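Protein chains in written order, with our numbering: chain A, 908 to 1178; chain B, 9 to 334. Even for Gly, the Cβ is constructed at its ideal location relative to N, Cα and C. Please read these numbers as outputs of a predicted model, since none were measured by experiment. Report on the structure given below.
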Amino acid sequence: MEELNLMDTNSLANDIRKLSLKSIHAARSGHPGGSFSIAEMLAILYFEEMNLRPDEPRWADRDRFILSKGHACPALYAALALKGYFPESDCLGLRKIESYLEGHPDVRTPGIDAASGSLGMGLSQGMGYAMGAKHQNKDFRTYVLLGDGDMQEGNTWEALMCAAHHDLDNLVAIYDANLLQGDDFVENQMNMHPMDEKIKSFGWNFIEIDGHDEDAIRTALKTAKTTKGKPTFVLANTVKGKGVSFMENIQFWHGSVTMTDEQLNDALAEL
Amino acid sequence: MNSLEYWNVGDDISVRDAFGRVLIHAAGLRDDFVLFDADVAGGTGAKPFVAAMPERVVQFGIAEQNMMAAAAGFAETGITPIVSTFAAFGTMRAHEQFRTAVAFAGRNVKLCCSHHGLDVGPDGPTAQALEDLATMRAIPDVTVISPADANEFMQAFLAVLDHKGPLYMRIGRSNTPVVTAADEPFEIGKAKRVREGKDITIIATGVMVSRALKAAEEMADKGIEARVVNLSTIKPLDGAEILAAAKDTGLIVTAEDHNIMGGMGSAVAEFVVENCPVPMKFVGVNDTFGKSGEHTDLPDHMGIGVNDIVKACNGLLSNKESSDAS
């Protein structure tokens, strides 16, 4: 088994990036770009914000997290491993037949709260959790991380309409706006600008941040917690491939990428 | 005393009336389920429940994909969502949400849909889901139930509340003769022999059970003894009862208010071909879309009436006669 040498960056976000990149390299496929754009948000959610029990993954009162942009699961698996849900070395089984780390999230994996990978269904599933919490007077919170593709799916807009109608202030949608989708930039494929006006008009509490600024993420999540009567939408401006110069904002690194040893080592050196 | 009032055998009752009635009854017994509605409680028959127990209903408006995916999350908080809409919307528009968010994740979601098949009547082809049994049974781990009448629906629904896992159940819309007695036990996965016979077996589901019984009566006048099996659980299939039909009678006709492609008849044929090959015929809608019309007129018009069952049986019987003679 390859030495992982993880906790040498003083940055949980970069630890997530390194472990996810190693898993994608080992799998010879996977999505590095969108995994890197969400690393800071995963670090804050998993290591500061959410109330979790890694040794009891389906603890009934846990906060829920749904990665609606399921293709970025290498980063989520890395966060879960670092949090203690399963051994870090298991991440190298990503996408392999003997592993429980599927190419897109599966609830059989410890810590995964929703099947995703087909875009547009995550916010509804998170909303279902939030509705269930309200129905049973439970105070766990639900976080859903969405990508550009999610925001183009009609199902997401049904959920945006519905969560505001039901006053679900225990629900937070975080939109990882790296603005580079599978084949091209969002503005070329299906422009969604202006997002702020759309979300506000749907009745959500709207916050816009730099998605790589950890303090901004902390503040946004705190504001979400104290906002009553409506759900919160955090538009996180991010860079696809963030942290590795030759990957940043380059469509090629969306995925599903087979990475050479040299590319892996160059990227790890930068992190 | 929270007793459930059943109808009398022979009454002509819409199955959706049973849906509202059994919801109210069950909600008095247990607090572990809620109804998810997409602005069609008046159509599905849930309206009396919505009026009586609004706190047990979550309203989604006309947005079935959102409702279905939300059910997946909600179920994982420990309360069972009874997701209810018309079959075309629940099983087709929200099919992927059911397949991926609900079934793949093994969520305890019960999808109960009215408005399937020609039973829809005048609303016509857009609402007449003739594909739901095929598409739902093709999803792994999903239980599929199609009750014969209002009484069996209520018995089935109570069993469904104790069942764990993703499940789809049809709710009939139009008046249907009650053939199930009030005190009949219902077990998911167990077919019921509703008429004995040795010459041929008609395996029917849903509204076709009462038509199969009528067909068997007509044939009895001509000296043919047709067995009738009510196959209300289409998945998992009751192989033992199908095997018995093949062995005892040697001929099987299936009857369903559904496209003949992929539905109950196909499920039976998959089993028969592998385990007990006997000649079969399929009564169903023959790979066409439906049509507006009264639910009483459409079956004969579209090939799923009593006469069509008789004709299919006679076809198999005369084939057998000529091959026996040669």
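Residue from the options with nearest C-alpha to residue i
i, options, result
"B/K289", "B/G311, B/F106, B/Q136", "B/G311"
"B/A35", "B/P89, B/N183, B/E226", "B/P89"
"A/A933", "A/R965, A/S944, A/S918, A/P981", "A/P981"
"B/G114", "B/A79, B/G132, B/Q136", "B/A79"
"A/G1039", "B/A96, B/A83, B/E282", "B/A83"
"A/L1178", "A/L1128, A/A946, A/R935", "A/A946"
"B/G323", "B/M227, B/L239, B/T304, B/N159", "B/M227"
"B/D308", "B/D265, B/M269, B/A54", "B/D265"
"A/D1074", "A/G1056, A/Q1043, A/T1139, A/D1083", "A/T1139"
"B/E302", "B/R38, B/V58, B/A59, B/G129", "B/G129"
"A/G991", "A/K1003, A/T1049, A/N1098, A/P964", "A/P964"
"B/E104", "A/Y953, A/G1027, A/E995", "A/G1027"
"A/G1024", "A/T1016, A/E1005, A/G1010, A/D1046", "A/G1010"
"B/S122", "B/L325, B/L166, B/D25", "B/D25"
"B/C120", "B/V91, B/K230, B/S326", "B/V91"
"B/N74", "B/T108, B/F41, B/T296", "B/T108"
"A/M1099", "A/D1090, A/W1111, A/G1089, A/A1084", "A/A1084"
Residue(s) in a DSSP beta bridge with residue i
i, result
"B/Q67", "B/D45"
"B/S22", "B/N183"
"B/I210", "B/V236, B/V261"
"B/A320", "The partner list for B/A320 (beta bridge, DSSP) is empty, contrary to what the question assumes."
"B/L251", "Paired residues: none, contrary to the question."
"B/Y176", "B/L119, B/V152"
"A/I1081", "A/L1052, A/V1141"
"A/F1092", "A/L1087"
"B/F161", "In DSSP, B/F161 forms no bridge with anything."
Below-8 Å beta-carbon distance, residue i vs any chain A residue
i, result
"B/I87", "yes"
"B/G311", "no"
"B/V91", "no"
"B/F106", "no"
"B/E84", "yes"
"B/F165", "no"
"B/G81", "yes"
"B/N74", "yes"
"B/F68", "yes"
"B/V58", "no"
"B/M9", "Interpretation of B/M9 is limited by its pLDDT of 44, a score under 50 that renders its predicted location unreliable; the figure taken from the coordinates is listed afterwards. Not an interface residue."
"B/A54", "no"
"B/V42", "yes"
"B/A35", "no"
Distance CB(residue i)-CB(residue j) smaller than 8 Å
i, j, result
"B/A224", "B/V215", "no"
"A/L974", "A/L1052", "yes"
"B/T209", "B/A253", "yes"
"B/L175", "B/T151", "yes"
"B/A220", "B/I242", "no"
"A/Y1036", "A/R969", "no"
"B/V30", "B/F94", "no"
"A/I1106", "A/F1113", "yes"
"A/L949", "A/I923", "yes"
"B/G86", "A/M1034", "no"
"B/A277", "B/I317", "no"
"A/L1128", "A/V1079", "yes"
"B/A234", "B/D256", "no"
"B/G180", "B/S300", "no"
"A/A1071", "A/K1137", "yes"
"A/S944", "A/K1149", "yes"
"B/G18", "B/P155", "no"
"B/I153", "B/A111", "no"
"B/I32", "B/P62", "no"
"B/M272", "B/L141", "yes"
"A/M1058", "A/F1109", "no"
"B/V58", "B/V66", "no"
"A/L1180", "A/K929", "Shown here, chain A extends from 908 to 1178; a query on residue 1180 of chain A therefore has no answer."
Contact list for residue i against chain E, beta-carbon separation under 8 Å
i, result
"B/A78", "The structure shown contains no chain E; the protein chains it does contain are A and B."
Residue-chain proximity (residue i, chain B), Cβ-Cβ < 8 Å
i, result
"A/N1062", "yes"
"A/V1164", "no"
"A/S1152", "no"
"A/H932", "no"
"A/A967", "yes"
"A/L913", "For A/L913, the pLDDT reaches just 48, beneath the cut-off of 50, and the residue's location in the model is therefore unreliable, leaving the point undetermined."
"A/M1028", "yes"
"A/A1021", "yes"
"A/Q1043", "yes"
"A/D922", "no"
"A/V1014", "yes"
Run through the region 1108–1150 of chain A for me and flag every whole alpha helix (DSSP H) of 4 or more residues, listed as ranges in chain order.
Runs found: 1121–1133.
Quick one: which unbroken beta strand (DSSP E) runs of 3-plus residues sit fully inside the region 99–134 of chain B? Chain order, please.
Along the length of the region 99–134 of chain B, whole beta strand (DSSP E) runs at least 3 residues long occupy 118–122, reported in chain order.
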